[in-house]
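There are 2 protein chains.
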Amino acid sequence: MNSTIIQTIDIVLLSIKNAKLHVALVKRENQPYQGDQALPGGYVHEQEDNNCFDSATRVLKTKTGIKSPYLEQLETFSGKYRDPRGWSITVAYFALVSLEVIESMANPLVSLVDVDQLNELPFDHIKIITNAVNRIRNKSQYSSLPCFLAGDSFTLPALQKTYEICLDDKLHKVSFRRKIDEMDILEEIEGELARVGAHRPAKIYRLKTSFVNSLKILEKGL
Amino acid sequence: MNSTIIQTIDIVLLSIKNAKLHVALVKRENQPYQGDQALPGGYVHEQEDNNCFDSATRVLKTKTGIKSPYLEQLETFSGKYRDPRGWSITVAYFALVSLEVIESMANPLVSLVDVDQLNELPFDHIKIITNAVNRIRNKSQYSSLPCFLAGDSFTLPALQKTYEICLDDKLHKVSFRRKIDEMDILEEIEGELARVGAHRPAKIYRLKTSFVNSLKILEKGL
DNA sequence: ACACTTAGTTTCAAATTACAACTAACCATC
DNA sequence: GATGGTTAGTTGTAATTTGAAACTAAGTGT
Chain A
42 MNSTIIQTID
52 IVLLSIKNAK
62 LHVALVKREN
72 QPYQGDQALP
82 GGYVHEQEDN
92 NCFDSATRVL
102 KTKTGIKSPY
112 LEQLETFSGK
122 YRDPRGWSIT
132 VAYFALVSLE
142 VIESMANPLV
152 SLVDVDQLNE
162 LPFDHIKIIT
172 NAVNRIRNKS
182 QYSSLPCFLA
192 GDSFTLPALQ
202 KTYEICLDDK
212 LHKVSFRRKI
222 DEMDILEEIE
232 GELARVGAHR
242 PAKIYRLKTS
252 FVNSLKILEK
262 GL
Chain B
42 MNSTIIQTID
52 IVLLSIKNAK
62 LHVALVKREN
72 QPYQGDQALP
82 GGYVHEQEDN
92 NCFDSATRVL
102 KTKTGIKSPY
112 LEQLETFSGK
122 YRDPRGWSIT
132 VAYFALVSLE
142 VIESMANPLV
152 SLVDVDQLNE
162 LPFDHIKIIT
172 NAVNRIRNKS
182 QYSSLPCFLA
192 GDSFTLPALQ
202 KTYEICLDDK
212 LHKVSFRRKI
222 DEMDILEEIE
232 GELARVGAHR
242 PAKIYRLKTS
252 FVNSLKILEK
262 GL
């Protein structure tokens, strides 16, 4: 049973830079749109991959060098016209990493673009990115999702900033801390403090190991 | 560019029967699992369908006779081993209709099964159904989703019951009505009342036309 | 007319959330 | 080494939202 449907995987790798959500784009190696910036993507390898999640992990690693702790299926985009080669299906995933993870790769083919400053992109990649940003906004309201953007360790004011960027909204300090406390996902790194200015230093936290690869979901948001 | 990956669509059609969520299963016409009960599914038709949503609409219509007002992409399931024929990808959708819609078709090939009483099913259909039920539970907390299960017109006590079945939890009458009122999705059908017993009859409502095909999302749940 | 049942509303207490003002701790400057 | 400026973190309280109970409303059956 053979099919001529084109079957691909695309990755929306998001990070925060200059206090804004950015998406990682790579230069396309092949036709169509060869040389253009686009989402890292590729084919499913029937031999190599046991499922699309495996494919996504592999594609992300191959195209950017990154192994993201958080990778979630976003949605599947399909249609007769989205790819000039013909009827295509792409299973889109999104990944979240801290800026350091991307910069430490120092991959010249990867560039970070502000999600609010996107120019034209190949295929329906704009739509896929918009979809990912919406998903993040939504999930940030009631989960630990933004923690994956905050790095290995962070202060509570920094984490709050990260949430605010994801939600595109200001949060109240006391309420925010109550919710984080209620989630019970953080542990203080004893002895370390963030000395970053002429003021009281903030305590440094990290995710408890049980939440490093999985999400904590709140019953009631914020 | 040809591929041997099997590409299908599956539909989780849900309804409420005897105060429990039920899923519609159909007898499989073809191999594998010919004659077994399974989710209505089929191939993408490259000529006929402009995208997978079209395919899903068509598959649902063809296999059950139903055109659902609400059809949402659930998730894509894939893998080397989920289909005995080989590497496969299925884009799963879920649809919600009232029991009358299903019963009015009187399709002998379609049967409704309590989602908590499922026996073995072909492929990973159990997993797909579980996934759909989780999605419904989740979305029912903060949206008008259950309204699509309630039929064309309904009373508020009936709608509350529908929400309770979706959420698998009791709701408080006053709070529930406050939220429904806040959503502003219903209009009273003047003059009609539900006379169903030796007690005060309930008013009958229907969805405002703007919400017949789309969801209303609440900021804060319940 | 009266009992019984469910529909729908009112009232108020309890819990949650938002805001403001506070204390704490550091650096820089005098 | 006291003083002021700045951000971290906490405390107290007002405002809002939610939950529970008790009420009134409107039918049917006896």
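From first to last, the protein sequence lines stand for chains A and B. Position one of the first sequence corresponds to residue 42 (my numbering), numbered consecutively onward. Position one of the second sequence corresponds to residue 42 (my numbering), numbered consecutively onward. For every residue, glycine included, the Cβ atom is placed at its ideal position computed from N, Cα and C.
Quiz prompt | Minimum C-alpha distance to Pro261/B - residue among Gln182/B, Ala239/B and Leu153/B | solution = Looking at the sequence shown, residue 261/B is not Pro but Lys. The shortest C-alpha separation from Lys261/B is found at Gln182/B.
- Inter-residue Cα distance where the pair is Lys211/A and Thr49/B: Answer to the nearest angstrom: the Cα atoms are 44 Å apart.
| said: Just to make sure I have the definition right: I need the residues of chain A whose C-beta is within less than 9 Å of the C-beta of Cys93/B. Which are they? | reply: Result: Thr117, Phe118, Ser119, Gly120 and Ile130.
Going by Cα to Cα distance, which pick from Lys108/A, Pro125/A and Val100/A is closest to Gln72/A? Closest option to Gln72/A, Cα to Cα, is Pro125/A.
Does the stretch 48–66 of chain A come into contact with the stretch 167–187 of chain A, if we say contact requires no fewer than three beta-carbon pairs (one atom in each stretch) closer than 8 Å?
The stretch 48–66 of chain A, when compared against the stretch 167–187 of chain A, does touch it at the 8 Å Cβ threshold.
Reduced DSSP secondary structure (H/G/I, E/B, other) of His86/B
His86/B sits in coil when the DSSP states are folded into three classes, being neither helix nor strand.
Please confirm whether Lys249/B has its beta-carbon closer than 8 Å to some beta-carbon of chain A. Chain A, which has no Cβ nearer than 8 Å to the Cβ of Lys249/B, makes this no.
Contacts around Gly106/B, its chain only, beta-carbon distance under 6 Å, and the 5 residues preceding and following it disregarded:
Closer than 6 Å at Cβ, skipping near neighbours: Met146 and Asn148.
### Query
What residue range is occupied by the uninterrupted alpha helix (DSSP H) comprising Asp95/B?
That run of the alpha helix (DSSP H) goes Cys93 to Thr105.
Kindly list, in the order they appear in chain B, the residues whose Cβ is closer than 9 Å to that of Ser109/A.
-> The contacting residues do not exist; Ser109/A stays about 19 Å from chain B at best.
| message | Along the chain, where does the alpha helix (DSSP H) containing Phe118/A start, and where does it finish? | response | The continuous stretches of alpha helix (DSSP H) do not include Phe118/A, which lies in the beta strand (DSSP E) extending over residues Tyr111 to Gly120.
ask   = With respect to the beta strand (DSSP E) encompassing Ser129/B, which residues constitute its N-terminal and C-terminal limits?
value = Taken as a continuous stretch (DSSP letters only), the beta strand (DSSP E) holding Ser129/B covers Ser129 to Leu137.
Q. Where does Ser44/A fall in DSSP's three states?
A. Note: Ser44/A maps to strand in three-state DSSP.
Leaving aside the five residues before and after Val85/A along the sequence, list all residues of the same chain whose C-beta is less than 7 Å from its C-beta, in chain order.
So the list reads Gln48, Ile50, Cys93 and Ser96, once near-sequence residues are dropped.
Near Pro187/B, what residues of its chain come up, given a Cβ to Cβ distance below 6 Å and the 5 sequence neighbours on each side ignored? Cβ contact annotation for Pro187/B (same chain, cutoff 6 Å, sequence separation greater than five): Ser181, Thr203, Tyr204 and Cys207, in chain order.
The beta strand (DSSP E) spanning Tyr246/A covers which residue range?
-> That run of the beta strand (DSSP E) goes Ala243 to Leu248.
Beta carbons nearer than 7 Å to chain B: which residues of the stretch 80–92 of chain A have them? Listed by position along the chain: Val85, Glu87, Asn91 and Asn92.
Given this structure, state the Cα-to-Cα distance separating Ala235/A from Tyr246/A, to the nearest angstrom. Each residue's Cα considered, the two are about 10 Å apart.
**Request:** Take the Cβ of Val215/A as the centre, count every other Cβ of all protein chains shown within 10 Å, and call the residue buried at 16 or more, exposed below.
**Result:** When all chains shown are included, Val215/A counts as exposed.
Report task. Output the distance between the C-alpha atoms of His213/B and Glu231/A, rounded to the nearest integer angstrom. Result -> Spanning the two alpha carbons is a distance of roughly 45 Å.
Measure the C-alpha to C-alpha separation of Gly76/A and Leu162/A and round it to an integer number of angstroms.
Each residue's Cα considered, the two are about 12 Å apart.
### Task
Give the residues of chain A in contact with Thr171/B, contact being defined as C-beta atoms less than 7 Å apart.
Ordered by position in chain A, no residue passes the 7 Å Cβ test against Thr171/B, which lies about 16 Å from the chain.
Practice task
Please list the partners that Gln114/B has in chain A, where partner means a Cβ-to-Cβ separation under 7 Å.
Solution key: Simply Glu116 and Thr117.
Residues near Ile184/B by beta carbon distance below 7 Å, same chain, minus five either side | In the sequence on display, residue 184/B carries Ser and not Ile. Same-chain partners within the cutoff: Leu256, Lys257, Ile258 and Leu259.
Original post:
Do you know how far the Cα of Asn160/B is from the Cα of Ala199/B?
Top reply: Per the coordinates, the alpha-carbon of Ala199/B lies some 29 Å from the alpha-carbon of Asn160/B.
In three-state terms, what does DSSP make of Val294/A?
-> In the structure as shown, chain A begins at 42 and stops at 263. Residue 294/A is therefore absent and cannot be evaluated.
* Asked: In this structure, what does DSSP give as the bridge partners for Leu227/A?
  -> Leu248/A.
ask   = Taking 8 Å as the CB-CB limit, is Thr98/B close to chain A?
value = Using a Cβ-Cβ cut-off of 8 Å, Thr98/B does not count as an interface residue toward chain A, since no Cβ of chain A sits closer than that to its own.
ask   = To the nearest angstrom, how far is it from the Cα of Tyr134/B to the Cα of Asn254/A?
value = About 27 Å.
Chain-ordered chain B contacts of Ser44/A [CB-CB under 9 Å]:
Within chain B, Asn43, Ser44, Thr45, Ile46, Ile47, Gln48, Tyr84, Val85 and Glu87 have C-beta atoms less than 9 Å from the C-beta of Ser44/A, given in sequence order.
- Length of the line joining the Cα atoms of Val30/B and Val154/A: Look at the range of chain B in this structure, 42 to 263, and you will see that residue 30/B is not part of it.
- Tell me which same chain residues have a C-beta within less than 8 Å of the C-beta of Arg69/A, skipping the five on either side of it? Around Arg69/A, the same chain offers Gln75, Gly76, Asp77, Gln78, Ala79 and Pro163 as residues with beta carbons nearer than 8 Å, after the five sequence neighbours per side are excluded.
Please say whether Phe195/B and Ala111/B have beta carbons closer to each other than 8 Å?
Rather than Ala, the amino acid found at residue 111/B in this sequence is Tyr. Taking C-beta atoms as the reference points, Tyr111/B and Phe195/B fail to come closer than 8 Å.
Q: Taking Lys261/B as the query, report the chain A residues whose CB atoms sit under 9 Å from its CB, ordered along the chain.
A: Neighbours of Lys261/B in chain A, taken as residues whose beta carbon is under 9 Å from its own, are Lys261, Gly262 and Leu263 in chain order.
What residue range does the beta strand (DSSP E) around Ser152/A cover? Element bounds for Ser152/A: Val151 to Asp155.
_Alpha carbon of Gly252/A to alpha carbon of Asp193/A, nearest angstrom_ = Rather than Gly, the amino acid found at residue 252/A in this sequence is Phe. Rounded to whole angstroms, Phe252/A to Asp193/A spans 12 Å at the Cα level.
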